[in-house]
């Protein structure tokens, strides 16, 4: 007869919490995975990599990597009721470094991702002026050599127009001189821009109060932050497709170029986009899933959320490229000359297009509100995942009295202080270094391989599939077991190999305005990368040295070296379902 182990709950500890409804879980995950990359990265990658042809590698990576890993992480959290670190310690202690590595990546991303929101908040405040400050050249920060092809701005004799190559535009000068006060080199950080620092502080304050009561507060806030961007996206889409030149932009967005399928870079872009946009290997999905009830149907939720994510990316392309097509027609240039990705789209290309529309303030407010909401829920949900992972490791210390609130305050304060480096004149360069190195595609691919090996081979894909059955009452499709064992790790290794091959042609990172990253910046960047991925082998070595038994025992029976409550729950649930099925 099998012995059952009972755990006694310390009544002085605060409850871990659960989602009040399935809607809260779905909205929280949607808010986490649907972010800025859906709006400013996917449409650009689709245009750059052969239009509609890009959907071929994108869908392939979605089916064999995106959806299987999405289900793996969500189900792992729901099955263990633990965050990113605790879940791996329970399931496979040898690979618990996956949890630590993912939380380190989240910590890095919390530092720099929120800076984008500070920029967006600055633009949002500026959008309430009677005349958009980036739409004309009569500002104190403008230089004397400016050109504009803005057809809706009345002529002002005080504006110096210069169509030479050395001329710049008011939207670029607003971005570089007013918002960033950009320096000429990364070596010249300069003093903190107090206006951006205030914006950064305000955004951090909002994030703190969205998370400070845990799932109770997060679950309510996402009703606004996860749904409002869709309203704004719909408004901008309707406005965009009604503009002259919109059709040309949409054609550029989707026009197929089949020859691009032969380019390895296209496949690498598709793979990394799946990992970035689905929040895979960051531990957030595991943390959010851990708040579910044990019998929640995470399998169907997985398909719903993946469909929503990819559909949002695709539709956002219509909203963006319709406006870019309008801007290209207004300026009399090719669309290729106005298309940008990342911050260049959000803070240069789109604001320039908005300034050409009637009622530009209205469309600017809609756009930057959408950017803020898209970024906010990604930020505070990531923060919630980080805090919960630490709380699961030290429950008696953190889930007592106001321990959680104090920990959250310390994390926010430290991240804010580090983020001040990015609101200096040289801050954009620091931001780009963080963005390039701290959560790179190569790092995520490495984690995906390790996750697949841990679940597919060491813990056993069949065993994990049975765990999912214990929760939802039926087995997932066999394709998932095939992916966890073979397809996902092998395809990730192939893409990783492409990254490795590209290192043969490595050159220093090129930053804004063509500035080359100095040696110290490159060293700092690789230090950020190693600070997370190095935790994988370091933890494995530590685990092997401190776990009793032989190597084979550690690998084959990892669950039996941990608390058995999870195993017992699975046995009880499986028995119950088997009994129900036999009736």
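Residue numbers (the working numbering): 12 to 594.
Glycine included, C-beta positions come from ideal geometry on N, C-alpha and C.
For residue 463, I'd like the list of residues in its chain whose CB is within less than 6 angstroms of its CB, leaving aside the five on either flank, ordered along the chain.
Within the same chain, residue 463 has close Cβ partners 495, 499 and 500.
What residues in its chain sit with their C-beta under 6 angstroms from that of residue 479, if we drop five residues either side in the sequence?
Excluding the 5 residues flanking it on each side, residue 479 has same chain C-beta neighbours closer than 6 angstroms at 86 and 487, in chain order.
Can you give me the C-alpha to C-alpha distance between residue 118 and residue 397, rounded to a whole angstrom?
Between residue 118 and residue 397, the C-alpha separation is close to 7 angstroms.
Can residue 195 and residue 434 be called in contact, C-beta distance under 8 angstroms?
Taking C-beta atoms as the reference points, residue 195 and residue 434 fail to come closer than 8 angstroms.
With C-beta atoms as the reference, is residue 416 less than 8 angstroms away from residue 223?
Taking a C-beta distance under 8 angstroms as the contact criterion, residue 416 and residue 223 qualify as a contact pair.
Counting only the same chain and skipping the five closest in sequence on each side, list residues whose C-beta sits under 7 angstroms from that of residue 54.
So the qualifying residues of the chain are 264, 327, 328, 331 and 332.
So residue 473 is in the alpha helix (DSSP H); what residue range does that whole segment cover?
Where residue 473 is concerned, the enclosing alpha helix (DSSP H) starts and stops at 472–483.
Distance, Cα to Cα, residue 92 vs residue 400?
In a straight line, the C-alpha of residue 92 is about 11 angstroms away from that of residue 400.
List in chain order: all unbroken alpha helix (DSSP H) runs of 4+ residues lying wholly within the segment 170–258.
Taking only runs of at least 4 residues, the alpha helix (DSSP H) segments lying wholly in the segment 170–258 are 181–184, 205–222, 226–236 and 239–252.
Out of 84, 131, 520 and 180, which has the shortest C-alpha to C-alpha gap to residue 290?
Nearest C-alpha to residue 290 among 84, 131, 520 and 180: 84.
Would you say residue 506 and residue 273 are within 8 angstroms of each other, going by their C-beta atoms?
In this structure, residue 273 does not lie closer than 8 angstroms to residue 506 by Cβ.
Between which two residues does the alpha helix (DSSP H) holding residue 96 run?
In the DSSP assignment, residue 96 falls within the unbroken alpha helix (DSSP H) covering 95–102.
State buried or exposed for residue 557, treating a residue as buried only when at least 16 other CB atoms are found within 10 Å of its CB.
The residue is exposed, with fewer than 16 neighbouring Cβ atoms inside 10 Å.
Please report the Cβ distance between residue 482 and residue 305, rounded to the nearest whole angstrom; I am assuming they are in contact, meaning their Cβ atoms lie under 8 angstroms.
With a Cβ gap of about 6 angstroms, residue 482 and residue 305 count as contacting.
Residue 527 bridges to which residues according to DSSP?
Answer by DSSP bridge pairing, in chain order: 521.
Classify residue 302 as helix, strand or coil using the three-state DSSP reduction.
Shown here, residue 302 sits in coil according to DSSP, grouped into three states, outside any helix or strand.
Tell me whether the segment 195–206 and the segment 415–430 touch, counting them as touching only if at least three CB pairs, one residue from each stretch, are closer than 8 angstroms.
At 8 angstroms Cβ cutoff, the stretches do not touch.
Is the shortest distance between the beta-carbon of residue 52 and the beta-carbons of chain D less than 8 angstroms?
Protein chains in the displayed structure number just one, and chain D is not present.
Residue 68 to residue 282 span [Cα, whole Å]:
Residue 68 and residue 282 have their C-alpha atoms some 8 angstroms from each other.
Buried or exposed by the 16-neighbour rule on C-beta atoms within 10 Å, applied to residue 60
With 16 or more other Cβ atoms from the protein chains shown falling within 10 Å of its own Cβ, residue 60 counts as buried.
Go through the segment 282–346 residue by residue and report every complete run of the alpha helix (DSSP H) that reaches 4 residues or more, in order.
Along the length of the segment 282–346, whole alpha helix (DSSP H) runs at least 4 residues long occupy 295–300 and 309–342, reported in chain order.
Tell me which residue opens and which closes the alpha helix (DSSP H) that residue 400 is part of.
Run containing residue 400: 371–404, per the alpha helix (DSSP H) assignment.
Looking only at C-alpha atoms, which of 437, 493, 309 and 325 sits nearest to residue 81?
Taking only the C-alpha atoms, the option nearest residue 81 is 309.
With a CB to CB cut of under 8 angstroms and the five nearest residues on each side skipped, what residues in its chain are close to residue 9?
Here the chain comprises residues numbered 12 to 594, so residue 9 is not present and cannot be evaluated.
Around the Cβ of residue 257, are there at least 16 other Cβ atoms within 10 angstroms (buried) or fewer (exposed)?
Burial call: buried.
Applying the 10 Å Cβ sphere with the 16-neighbour rule, what's the burial state of residue 516?
Counting other Cβ atoms within 10 Å of its Cβ, residue 516 stays below 16 and is therefore classed as exposed.
Roughly how many angstroms separate the alpha carbons of residue 65 and residue 554, rounded to a whole number?
Their backbone Cα atoms lie some 42 angstroms apart in a straight line.
Assuming residue 456 and residue 518 form a contact by the criterion Cβ under 8 angstroms, report the distance between their Cβ atoms to the nearest whole angstrom.
By a beta-carbon distance limit of 8 angstroms, residue 456 does not contact residue 518. Their separation comes to about 21 angstroms.
How many Å lie between residue 166 and residue 185 at the Cα?
Because the pLDDT of residue 166 is 34, which lies under 50, any placement of that residue in the model is unreliable, and the question is left without a value.
Hey, residue 444 and residue 536 are a contact pair by Cβ (cut 8 angstroms); roughly how many whole angstroms apart?
The Cβ separation is near 5 angstroms, so the contact holds.
7 angstroms Cβ shell around residue 161 - same chain, five flanking residues per side excluded:
Any reading at residue 161 needs caution, since the residue's pLDDT is 46, under 50, leaving its predicted position unreliable; the model's value is listed next. Within the same chain, Cβ atoms closer than 7 angstroms to the Cβ of residue 161 are found at 146, 366 and 367, the five residues on either side in sequence being excluded.
Is the distance from the Cβ of residue 30 to the Cβ of residue 303 below 8 angstroms?
Going by C-beta atoms, residue 30 is nearer than 8 angstroms to residue 303.
DSSP three-state label for residue 28, please.
The answer is coil: DSSP assigns residue 28 none of H, G, I, E or B.
Thinking C-alpha only, which one of 62, 110, 51 and 38 is nearest residue 459?
Taking only the C-alpha atoms, the option nearest residue 459 is 110.
Alpha carbon of residue 249 to alpha carbon of residue 475, nearest angstrom:
Looking at the two C-alpha atoms, the distance is approximately 45 angstroms.
Where does residue 172 land, buried or exposed, given buried means 16+ other C-beta within 10 angstroms?
The predicted model places residue 172 with a pLDDT of 33, which falls under 50 and marks its position as unreliable; any figure quoted below should be read in that light. Under a 10 Å Cβ-count criterion, residue 172 is classified as exposed, with fewer than 16 other Cβ atoms of the shown protein chains found around its own Cβ.
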